[in-house]
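Protein chains: 2
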Amino acid sequence: MSYLDERDLAFLLYDWLDAERLTRHPRFAEHSRETFDAVLDVSAKLAASRFATHYKKADQNEPVLDGETVRVIPEIKQALTAAAEMGLFASDFASEVGGLQLPKLVQTASMAHFMAANIATAAYVMLTTANARLLCAFGTPAQIETFALPQIEGRWLGTMCLSEPQAGSSLADITTRAVPDGADALGPRYRLSGSKMWISGGDQNISENIVHLVLAKIPDASGALLPGVGGISLFAVPKILPDGTRNDIAVAGLNHKMGYRGTTNCLLNFGEGTRHRPAGAAGAIGYRIGEAGSGLALMFQMMNEARISVGLGAAALAVRGYRQSLGYARERPQGRPLIGESKDPAAKQRPIIEHADVRRMLLAQKSYAEGALALILYCAELIDQETTATTPQEQARATALLGLLTPVAKSWPSEFGLAANDLAIQIHGGYGYTRDFDVEQIYRDNRLNPIHEGTHGIQAIDLLGRKILRDREQALELLEAKIEQTAAKAENDARLADLAVRLREGWAEARATIAVLASLDDPAQALINASVFLSGFGHVVVAWLWLDQACAVTAKLDEQDSFARGKLRACRCFFEAELPKAQQQFAFVASLNTTAGLMPLDEF
Amino acid sequence: MSYLDERDLAFLLYDWLDAERLTRHPRFAEHSRETFDAVLDVSAKLAASRFATHYKKADQNEPVLDGETVRVIPEIKQALTAAAEMGLFASDFASEVGGLQLPKLVQTASMAHFMAANIATAAYVMLTTANARLLCAFGTPAQIETFALPQIEGRWLGTMCLSEPQAGSSLADITTRAVPDGADALGPRYRLSGSKMWISGGDQNISENIVHLVLAKIPDASGALLPGVGGISLFAVPKILPDGTRNDIAVAGLNHKMGYRGTTNCLLNFGEGTRHRPAGAAGAIGYRIGEAGSGLALMFQMMNEARISVGLGAAALAVRGYRQSLGYARERPQGRPLIGESKDPAAKQRPIIEHADVRRMLLAQKSYAEGALALILYCAELIDQETTATTPQEQARATALLGLLTPVAKSWPSEFGLAANDLAIQIHGGYGYTRDFDVEQIYRDNRLNPIHEGTHGIQAIDLLGRKILRDREQALELLEAKIEQTAAKAENDARLADLAVRLREGWAEARATIAVLASLDDPAQALINASVFLSGFGHVVVAWLWLDQACAVTAKLDEQDSFARGKLRACRCFFEAELPKAQQQFAFVASLNTTAGLMPLDEF
């Protein structure tokens, strides 16, 4: 079985986002709908045959730290090897670096299959490709050749090393040091020392080598580290050095997680100098990528990609949970519906999907899951617009809109994908609470998503503080134009006209709230309820994308098609049951409420 | 440490619910505030020293089915033995049956300590005392002596056997048969055969014996079972028969749960006749309790008690999660707050409680957790009112109000206690996602609560269909009078007057929604969005209890006391951030929306 709805994926790609249009651009000219479909088909099959098959086994058999190395179940390596063979690691890279030059949109849809089937195994692909992409963007040809290419082939895997035990969300406070150590063909060489926490894939027995991309600070002449983010530089630090010797990196511990267990998660000590002393000295050897002091700015490319991937994973798990609970609800007989059927106790029990409350929970899941997936694919298509833009202005618009939507793409699917998974458990009743079914694990796996790659609170400040208020609402104007375009399409369709009105109202409430916040003297005061704003703003964005999907349905599909009617109903459900929540949230934010945000600490 | 806030517990018991008043009633005349406090003090200490100590061990070492018997870690037996020695099983029973005759209110507060410390171990106490209480209410003196007394002593443990694999929420469809088998001193004897699913404590190696209370149907002369709930009778079926032989009950399997793992959960086969053949024949021997055909009605006493206990457990876990995340937030330095402090990156990092968003998540937890606990203690006090009523009318009023509030007491803490636990994880960041901290387990344990003892959907139909619409809003009038009483108190206090207005508005919206639903021709149509109604109604009830608590604060506590100010702030937060959600839910229900509830099945 496929863990995604392939009909919906095809609708989103072709009927809604017009993926075929991309093949007219030289970058994608080698491709066609046929090659796209072939990739998606292979992805669905491989996800089912190699990734889903060890979904529970990886949960039940956590990675173990075996003295020196972290060991995972062998099925993970087998799955990743098969994925490398199909070119999954290479799919959207340029052909000069061995890539298949697929559009980001198609690569994203392909990844969705793997994430739905086994998010913890798919995470290795996600991290590795994001790592390689950063290297391709900012590395020297020698650095790309040495560190990126083996990752694009899928022979090596990659990580991102940002957090430290004392600095999780606050990267300004990292203390890992990078001391100059000469230079060679791979660029300026440094010796790194410090501890990195929460390193997914930080060690494993899957790949020949691991490329760590590490944020660290280069001390000044007095040996001091510059406070703040300005002092941060970026380094490529391989587990195995080009000369084949082990670098000075030790696994200091494994984190034992609620879910997502197939992805190893390590505390790494760089530069301990106890077990491995490359070239006879302590200090992990790393090569600087880009300019000194530009580390955080460069890393943001990887972080932004990872944030959208987090949203993709959350969306994929939401779809999977929806489909599994839908299948269960169609098959599980229990009681008799209050409406439509006889309540005669002698009558046969009916499938629970006939109960109104179960339908409510299913349609809510559909509206969250397909809404989240649409949001992520829309962002992927914006990345393709950056690639295919014919003018710098066009490219800048795509970049600005993507920047505005990135915190939403990270957080909304994480929040509502999880809400969907909670409903999937509830539909299964007691069975959903057991490990005999998948839904409790899906929930546990998905629970990481509102935390990693920047918590909800961090995304909220990014959206409201940086992308809206600091940037003086410029990206917001672009989004407004898109929303208005959708509303204008919808208002001419009798089936959607009322929703166009509601979308405009929702957007007007968002703008009015922003206007209140922008008028404050103290910008920090505007951020007190940023998280509430983020949830409400996310709802308006998803409502817009639902209505835009609905326009594609009415324009392109047959009205009698049950798939088409289901999409229209999910859209309507989102507007009726969900969008009013945003109104309440905007009213709360606009009231500048400080009851919680400024609560005196002694009152807790 | 205590897992509850003992100051809050004392406030709720004495300042708010006036527990000392109960000692004026003959039933509780032996008691005083001193004995109440002594019980609570011992409970807190024993919960910490014997229950909390194996919280993680029981999660990591699930019960195992060892051929015949289910084995649990020895600490569970040690904890329950200590609890029996302090009289925990006996605490609110009458002295004639060996009880300590404590008020339900005090027993509930005492249980809250154990549930917060280790809900899975505490569950054995909850099930056993509810089982014994049913027997005391409806059993013959011999049945009470034989089956209830050893449970009140805590030597035996008890279960409730309702669900079957094909009949979870739909008890009308059970097929366990009870065939008459003569009678003896313990009453009419039957032979039972059938499978019972989800039996918490269904087998274990903790107690000498287990008393199963089993719902089954007595076949008619032709051997057929009466359809519907009318044919259900209730039986006491001990694991070990009075003559010391094993009854015909086999453990057919264990359920492996997401959490709550210390409580064994079994599929039991009654009457297989393969391993145990009491008196040489197949069929589990059981004694009928009460009249034939009255089984479900009798079992509702145990179910109602269990439903309030589920709410208590959810509330206790919410309080624990709140306190643990509060402790973490006070100690974990990370970043610098945007408001009030310098953003100078060279300044020391500050505890995360200084971030507005963390305070928001903490105060939301406080408002959910203490609101839920207040709701449950209010219900416990209604049970004491039933006991101490001086007229049948007074008793009937307490019973009616308790009946109306029971589905809310079951569901609201389950829904919002879980929401609180989710915030507790979020405050811990990545650490909260690891098993090194408690909060992910607290969440997993609590996730059972919206499922067992009747799912949310079942509670919603009970509240709206039975307790409101079928009973023609009689109980609702009682609740309205209570709410009005609180609003009248609050409107005379300048600090609370605006909240009195909002409470009346919220209640008016609830009543208006009910009026719309009551006017429908088809009562089933009124129930389509019953779950949404339940959430909104629960919010109004909790808002009322928050305001009532606030009235006790302003009347009895010093305004400068930070505890008092914290309570007032949590009350205000609930009105400002939460109550508006109910308004949106009532509007949705009153619109008679059928987009989801009547979605055609082919559209999913």
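Line by line, the protein sequences are chains A and B.
The opening residue of the first sequence carries number 1 in full-length UniProt numbering; numbering runs sequentially from there.
The opening residue of the second sequence carries number 1 in full-length UniProt numbering; numbering runs sequentially from there.
Beta carbons: idealized from backbone N, C-alpha and C, even for Gly.
No experiment lies behind these values; they were computed from the predicted model shown.
Option nearest residue i by Cα separation, candidates the options
i: A314/B; options: L377/B, P345/B and L362/B; result: L377/B
i: K410/A; options: D436/A, T387/A, I425/A and L448/A; result: L448/A
i: Q101/A; options: R133/A, T81/A, K482/A and I119/A; result: R133/A
i: residue 618/B; options: M197/A, E477/A and L338/A; result: As shown, chain B starts at 1 and ends at 604. That puts residue 618/B outside it, with no answer to give.
i: T406/B; options: G99/B, A543/B, Q301/B and L215/B; result: Q301/B
i: E599/A; options: A487/B, K366/B, L545/B and G283/B; result: Reading off the sequence, residue 599/A comes out as Met, not Glu. Answer by Cα proximity: K366/B.
i: L105/A; options: S531/A, L80/A, R565/A and L13/A; result: L13/A
i: D248/B; options: A282/B, E208/B, P219/B and A221/B; result: A282/B
i: A29/A; options: G327/A, T513/A and T388/A; result: T388/A
i: E272/A; options: H25/A, N265/A and A252/A; result: A252/A
i: A172/B; options: P227/B, D8/B, K567/B and V542/B; result: P227/B
i: R330/A; options: L312/A, G321/A, R350/A and A316/A; result: R350/A
i: Q385/A; options: L401/A, A374/A and G371/A; result: L401/A
Span separating the alpha-carbon of residue i from that of residue j
i: D493/B; j: R511/B; result: 26 Å
i: V319/B; j: Q166/A; result: 28 Å
i: G290/A; j: G182/A; result: 16 Å
i: A250/B; j: N205/B; result: 14 Å
i: I353/A; j: I451/B; result: 17 Å
i: F270/B; j: P278/B; result: 12 Å
i: F563/B; j: A500/A; result: 49 Å
i: E381/B; j: L17/B; result: 8 Å
i: T176/A; j: D558/A; result: 59 Å
i: P413/B; j: G454/B; result: 14 Å
i: A518/B; j: V542/B; result: 24 Å
i: G99/A; j: T108/A; result: 15 Å
i: E145/B; j: I76/B; result: 26 Å
Distance between beta carbons of residue j and residue i, contact taken as under 8 Å
i: G335/A; j: S170/B; result: 4 Å
i: L46/A; j: M86/A; result: 6 Å
i: C136/B; j: A148/B; result: 5 Å
i: I514/A; j: E473/A; result: 7 Å
i: L267/A; j: M160/A; result: That belief does not hold up - the Cβ atoms of L267/A and M160/A are roughly 15 Å apart, past 8 Å.
i: Y328/A; j: I427/A; result: 6 Å
Any chain A beta carbon closer than 7 Å to residue i
i: M258/B; result: yes
i: M599/B; result: yes
i: C573/B; result: yes
i: N255/B; result: yes
i: A172/B; result: yes
i: A346/B; result: yes
Minimum Cβ-Cβ distance from residue i to chain B less than 7 Å
i: S562/A; result: yes
i: T263/A; result: no
i: R565/A; result: yes
i: L362/A; result: yes
i: T595/A; result: yes
i: F604/A; result: yes
i: L549/A; result: It is worth fixing the name first, because residue 549/A is Gln in this sequence and not Leu. Taking Cβ atoms only, chain B never reaches closer than 7 Å to Q549/A, which makes this a no.
i: Y433/A; result: yes
i: E576/A; result: yes
i: S169/A; result: yes
i: A356/A; result: yes
i: P580/A; result: yes
i: residue 611/A; result: Beyond the ends of chain A as shown, which are 1 and 604, falls residue 611/A; an answer cannot be given.
Residue i Cβ short of 6 Å to the ligand MN heavy atom set
i: A19/B; result: Annotation note on the ligand MN: not contained in the displayed structure, which lists no ligands.
So within the stretch 491-542 of chain A, which uninterrupted beta strand (DSSP E) runs reach at least 3 residues, ignoring any that extend past its ends? No beta strand (DSSP E) of 3 residues or more sits fully in the stretch 491-542 of chain A.
Whole runs of the alpha helix (DSSP H) within the stretch 348-402 of chain B, excluding any shorter than 4 residues: 356-388
The stretch 111-130 of chain A: positions lying closer than 8 Å to chain E by Cβ: No chain E is part of this structure, whose protein chains are labelled A and B.
Mind listing, in chain order, the continuous alpha helix (DSSP H) runs of no fewer than 4 residues lying wholly within the stretch 154-189 of chain A? none
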